[in-house]
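Colleague:
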Amino acid sequence: MPVAKLDSFPTFDLSRKLVSWQVRRAEGKELRSSVPRESHATWAPPKNRPDPVETVNANNQGRQKHLIPLRMGRMASSPFAFLRGSACVMAGDLSGTPITGIPTLMDGDAHLNNFGMYGTPQREVVFDLNDFDEATVGPWEWDLKRLAASVNVAGRQNGLTARERAAAVCRSIEGYRFNMNRLQSMGVLDIWYLHAYPGQNNPIVKADAKSKAVIRKTLSKALHTDNKTLLPKVADQDKDGLWVFRDSPPILTRLDKATKKKVIDSLDAYSETLSRERRIMLARYHVVDVAHRVVGVGSVGTRAYLVLLFGNGNDDPLFLQVKEATTPAHAPYLPKLDKEFTHNGKRVIVGQRALQASSDPMLGYTTIDGRDFYVRQMKNLKASIPIEWLTGPSFNFYAWACGAILARAHARTADPARIAGYCGNSSALDKAIATWAESYGDQTEKDHAALVDAINRGTVIADLSEGEE
1 MPVAKLDSFP TFDLSRKLVS WQVRRAEGKE LRSSVPRESH ATWAPPKNRP DPVETVNANN
61 QGRQKHLIPL RMGRMASSPF AFLRGSACVM AGDLSGTPIT GIPTLMDGDA HLNNFGMYGT
121 PQREVVFDLN DFDEATVGPW EWDLKRLAAS VNVAGRQNGL TARERAAAVC RSIEGYRFNM
181 NRLQSMGVLD IWYLHAYPGQ NNPIVKADAK SKAVIRKTLS KALHTDNKTL LPKVADQDKD
241 GLWVFRDSPP ILTRLDKATK KKVIDSLDAY SETLSRERRI MLARYHVVDV AHRVVGVGSV
301 GTRAYLVLLF GNGNDDPLFL QVKEATTPAH APYLPKLDKE FTHNGKRVIV GQRALQASSD
361 PMLGYTTIDG RDFYVRQMKN LKASIPIEWL TGPSFNFYAW ACGAILARAH ARTADPARIA
421 GYCGNSSALD KAIATWAESY GDQTEKDHAA LVDAINRGTV IADLSEGEE
């Protein structure tokens, strides 16, 4: 099993010698001699590559057994859904690919659908990464290739030709390179203050008319997606006027009293992970009901509770998601994780706070029955770009934007000058990763076909009746 060789992640040493960004960029450029950018073009499955279906089955260990068929069914719906749900497969594949050794706090699952809109504490809508279940310290290249593979596979789903897919992947890498080069000379705090506001004119890259229309529609949806709009979709009032969750299994399921009590009790430990002023704010709420709610593709089967609270009356709801956090998919291929991250819920929220320009003020973590969980708002002006609507220039624009956002996320904890020096100003890296992504797209289609075949043969049980929420 290959283990990534990374430089030491920056330690807290304010007395270390100051090195200019120009020198660090030159150091990054020098890495091309040992890891040529062209080396990223090659993908061929090793002879001892584990069976992808067996890898996914192994990843099901510890999940709720009655929901595993739903996970498999969702993954079988398309090659892109398979890619989304099989971070464990791709983690193993990436472990054998070239890396420079420059570490970052990586997202670990930076595919196209894990970018989206959400609300800041100032109630502005921003565009950013929005899923951090796999976040950990690792190579920046793994995030970039996860994004590139998703661009390729989503492009196939949207009917793009091989040439068009290559162009879209190149645009995503170009967005990453461009922004990393822009950030390399910027002040550290200036990078941390950077936000991407959808709907505003971007002086760097011009959106086509279709992209603008999709952004406007998604932004409008985000502005109308909050706790109050979610309430009537998942709960009803009883004869006494009290709100209770509906029971709509397998997606939304009422809990037995014992499990409900454990979830509510865990909120005390969660509150201890909040800053004091936010604990004071949370104390004004009270819990009225708890349910289990299935979300996503790769997360199906893990425990995800939805807690309904009310604050200043019956028209002031708050939904908290208490979501299980498991060992990140890349962990077997990385150096031993820092002791700080022995609690996976803490790992997730540290990753989110480090990678996002602005994070949910309700982020925290807790433990239930020895399992790690993180806590966040369920609906916070959230909306996702419907990538199935995108073709041609609009698809390329979105790919570029996601690449640029990923660069800014990495630059918050990694050294943007070293990464920029390696990436360079030419399209060499773009073309290499586009070639790799086409080969990996072929691999994803084969892996998806293997899952579908296993379902058809009855060796894998799948629930094909429930699509994604």
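Numbering (the numbering used here), first residue to last: 1 to 469. Beta carbons are placed, not taken as given, at the ideal position from N, Cα and C, and that holds for glycine.
Restricting to runs no shorter than 4 residues, where is the alpha helix (DSSP H) found entirely within the stretch 3 to 79?
Modeller: Taking only runs of at least 4 residues, the alpha helix (DSSP H) segments lying wholly in the stretch 3 to 79 are 21 to 30, 52 to 59, 68 to 76.
Colleague: Which stretch, first to last residue, makes up the beta strand (DSSP E) that contains residue 320?
Modeller: On the sequence shown, position 320 is the one that residue 320 refers to. Unbroken beta strand (DSSP E) run through residue 320: 317 to 324.
Colleague: Where residue 1 and residue 31 are concerned, what is the direct C-alpha to C-alpha distance, given to the nearest angstrom?
Modeller: Position 1 of the sequence shown holds residue 1. Position 31 of the sequence shown holds residue 31. Caution is warranted here: a pLDDT of 49 is assigned to residue 1, below 50, making its placement in the model unreliable, and no coordinate value can be reported.
Colleague: Between which two residues does the beta strand (DSSP E) containing residue 306 stretch?
Modeller: The residue labelled residue 306 in the question sits at position 306 within the sequence shown. Residues 304 to 310.
Colleague: Give the secondary structure of residue 378 by DSSP, where H, G and I count as helix, E and B as strand, and everything else as coil.
Modeller: As a first step, residue 378 must be located in the sequence shown, where it is residue number 378. DSSP places residue 378 in coil when its eight states are reduced to three.
Colleague: Would you mind working out which of 137, 112, 207 sits nearest residue 128, comparing C-alpha positions?
Modeller: As a working note, residue 128 is residue 128 in the sequence shown. If we check each option's Cα against that of residue 128, 112 comes out closest.
Colleague: Pick from 446, 358, 464: whose alpha carbon is nearest that of residue 194?
Modeller: Taking the first residue of the sequence shown as 1, we reach residue 194 at position 194. The residue with the shortest Cα to Cα distance from residue 194 is 358.
Colleague: Quick check: the stretch 365 to 373 against the stretch 139 to 154, are at least 3 beta-carbon pairs closer than 8 Å?
Modeller: At 8 Å Cβ cutoff, the stretches do not touch.
Colleague: Would you kindly work out how many angstroms separate the C-alpha atoms of residue 225 and residue 251, rounded to a whole number?
Modeller: Along the sequence shown, read from residue 1 onward, the residue named residue 225 stands at position 225. Along the sequence shown, read from residue 1 onward, the residue named residue 251 stands at position 251. One C-alpha to the other measures close to 19 Å.
Colleague: Give the straight-line distance between the Cα atoms of residue 419 and residue 87, rounded to the nearest whole angstrom.
Modeller: Counting from 1 along the sequence shown, the entry for residue 419 is found at position 419. Counting from 1 along the sequence shown, the entry for residue 87 is found at position 87. Looking at the two C-alpha atoms, the distance is approximately 24 Å.
Colleague: Quickly, what does DSSP pair residue 333 with across the bridge? List them, please.
Modeller: Working through the sequence shown from its first residue, we reach residue 333 at position 333. Answer is none; residue 333 lacks a bridge partner.
Colleague: Counting contacts by CB-CB distance shorter than 8 Å, is residue 426 in contact with chain B?
Modeller: Looking at the structure shown, chain B is missing, and only one protein chain is on hand.
Colleague: Taking only three categories from DSSP, how would you classify residue 362?
Modeller: Stepping through the sequence shown from its first residue, residue 362 is reached at position 362. Residue 362 falls in the coil class under three-state DSSP.
Colleague: Residue 396 and residue 166 look like a contact to me (Cβ under 8 Å); what is the Cβ gap, rounded to whole Å?
Modeller: Translated into the one-based positions of the sequence shown, residue 396 becomes position 396. Translated into the one-based positions of the sequence shown, residue 166 becomes position 166. The Cβ separation is near 11 Å, so there is no contact.
Colleague: Go ahead and pull the three-state DSSP assignment for residue 300.
Modeller: Translated into the one-based positions of the sequence shown, residue 300 becomes position 300. Strand, per DSSP.
Colleague: Quick check on the burial criterion: 16 or more other C-beta atoms within 10 angstroms. Buried or exposed for residue 216?
Modeller: Position 216 of the sequence shown, counted from the start, is the residue given in the question as residue 216. Exposed: under 16 other Cβ atoms inside 10 Å.
Colleague: Ignore the nearest five residues each way along the sequence and tell me which others in residue 37's own chain have a CB closer than 6 Å to its CB.
Modeller: Within the sequence shown, the letter at position 37 stands for residue 37. Result list for residue 37: 428, 429, 432, in chain order.
Colleague: Counting along the chain, where does the alpha helix (DSSP H) carrying residue 254 start and finish?
Modeller: Here residue 254 refers to the residue found at position 254 of the sequence shown. Note, residue 254: premise wrong, no alpha helix (DSSP H); beta strand (DSSP E) at 252 to 254.
Colleague: Would a C-beta distance cut-off of 8 Å place residue 323 and residue 117 closer than the cut-off?
Modeller: Indexing the sequence shown from 1 puts residue 323 at position 323. Indexing the sequence shown from 1 puts residue 117 at position 117. Cβ distance not < 8 Å, so residue 323 and residue 117 don't count as in contact.
Colleague: Since I believe residue 365 is in contact with residue 379 (beta carbons under 8 Å), could you give me their beta-carbon distance rounded to a whole number of angstroms?
Modeller: Counted from its first residue, the sequence shown places residue 379 at position 379. Counted from its first residue, the sequence shown places residue 365 at position 365. Contact doesn't hold; Cβ gap of about 20 Å is too wide.
Colleague: Take the Cβ of residue 12 as the centre, count every other Cβ of all protein chains shown within 10 Å, and call the residue buried at 16 or more, exposed below.
Modeller: Position 12 of the sequence shown, counted from the start, is the residue given in the question as residue 12. Label assigned to residue 12: exposed.
Colleague: For residue 41 and residue 434, I'd like the C-alpha separation in whole angstroms.
Modeller: Within the sequence shown, numbered from 1, the residue matching residue 41 stands at position 41. Within the sequence shown, numbered from 1, the residue matching residue 434 stands at position 434. If I take the Cα positions, the gap works out to 7 Å.
Colleague: Verify whether the separation of the beta carbon atoms of residue 153 and residue 245 is less than 8 Å.
Modeller: Taking the first residue of the sequence shown as 1, we reach residue 153 at position 153. Taking the first residue of the sequence shown as 1, we reach residue 245 at position 245. Result no, Cβ atoms of residue 153 and residue 245 do not sit closer than 8 Å.
Colleague: Between which two residues does the alpha helix (DSSP H) harbouring residue 444 extend?
Modeller: Position 444 of the sequence shown, counted from the first residue, corresponds to residue 444. Segment 428 to 457, the alpha helix (DSSP H) holding residue 444.
Colleague: What residue from 417, 363, 35, 376 has the CA that sits closest to residue 275's CA?
Modeller: On the sequence shown, residue 275 is found 275 positions in, with the first residue counted as 1. Of the listed residues, the one whose Cα sits closest to residue 275 is 363.
Colleague: Along the chain, where does the beta strand (DSSP E) containing residue 398 start, and where does it finish?
Modeller: Stepping through the sequence shown from its first residue, residue 398 is reached at position 398. Run containing residue 398: none in the beta strand (DSSP E); it sits in the alpha helix (DSSP H), 392 to 411.
Colleague: With 16 as the cutoff for other CB atoms within 10 Å, does residue 174 come out buried or exposed?
Modeller: Here residue 174 is taken as the residue at index 174 of the sequence shown, counted from 1. Buried is the call here.
Colleague: Output the distance between the C-alpha atoms of residue 281 and residue 198, rounded to the nearest integer angstrom.
Modeller: Residue mapping note: residue 281 aligns to position 281 of the sequence shown, counting from 1. Residue mapping note: residue 198 aligns to position 198 of the sequence shown, counting from 1. Rounded to whole angstroms, residue 281 to residue 198 spans 29 Å at the Cα level.
Colleague: Where residue 20 and residue 182 are concerned, what is the direct C-alpha to C-alpha distance, given to the nearest angstrom?
Modeller: Numbered from its first residue, the sequence shown carries residue 20 at position 20. Numbered from its first residue, the sequence shown carries residue 182 at position 182. Rounded to the nearest angstrom, the two C-alpha atoms are 15 Å apart.
Colleague: With a threshold of 6 Å on Cβ separation, who are the neighbours of residue 391 within its own chain once the five nearest residues in sequence on each side are excluded?
Modeller: Position 391 of the sequence shown, counted from the first residue, corresponds to residue 391. Hits under 6 Å: 158.
Colleague: Taking 8 Å as the threshold (C-beta atoms), are residue 310 and residue 270 in contact?
Modeller: Position 270 of the sequence shown holds residue 270. Position 310 of the sequence shown holds residue 310. No. Outside cutoff.
Colleague: Is the stretch 301 to 319 close to the stretch 234 to 243, with three or more CB pairs under 8 Å?
Modeller: The answer is yes - the stretch 234 to 243 touches the stretch 301 to 319, with three or more Cβ pairs under 8 Å.
Colleague: Measure the alpha-carbon distance for residue 401 versus residue 240 and round it to whole angstroms.
Modeller: Here residue 401 refers to the residue found at position 401 when the sequence shown is read from its first residue. Here residue 240 refers to the residue found at position 240 when the sequence shown is read from its first residue. So the alpha carbons of these two residues sit roughly 49 Å apart.
Colleague: Taking residue 58 as the reference, which of 361, 105, 329 has the closest Cα?
Modeller: As a first step, residue 58 is located in the sequence shown; it is residue number 58 there, counting from the start. Comparing Cα-Cα distances from residue 58 to each of 361, 105, 329, the minimum goes to 329.
Colleague: Among 457, 331, 376, 122, whose alpha-carbon lies nearest the alpha-carbon of residue 92?
Modeller: Along the sequence shown, one-based indexing puts residue 92 at 92. Nearest of 457, 331, 376, 122 to residue 92, Cα basis: 331.
Colleague: Residue 129 bridges to which residues according to DSSP?
Modeller: Numbered from its first residue, the sequence shown carries residue 129 at position 129. In DSSP, residue 129 forms a bridge with 115.
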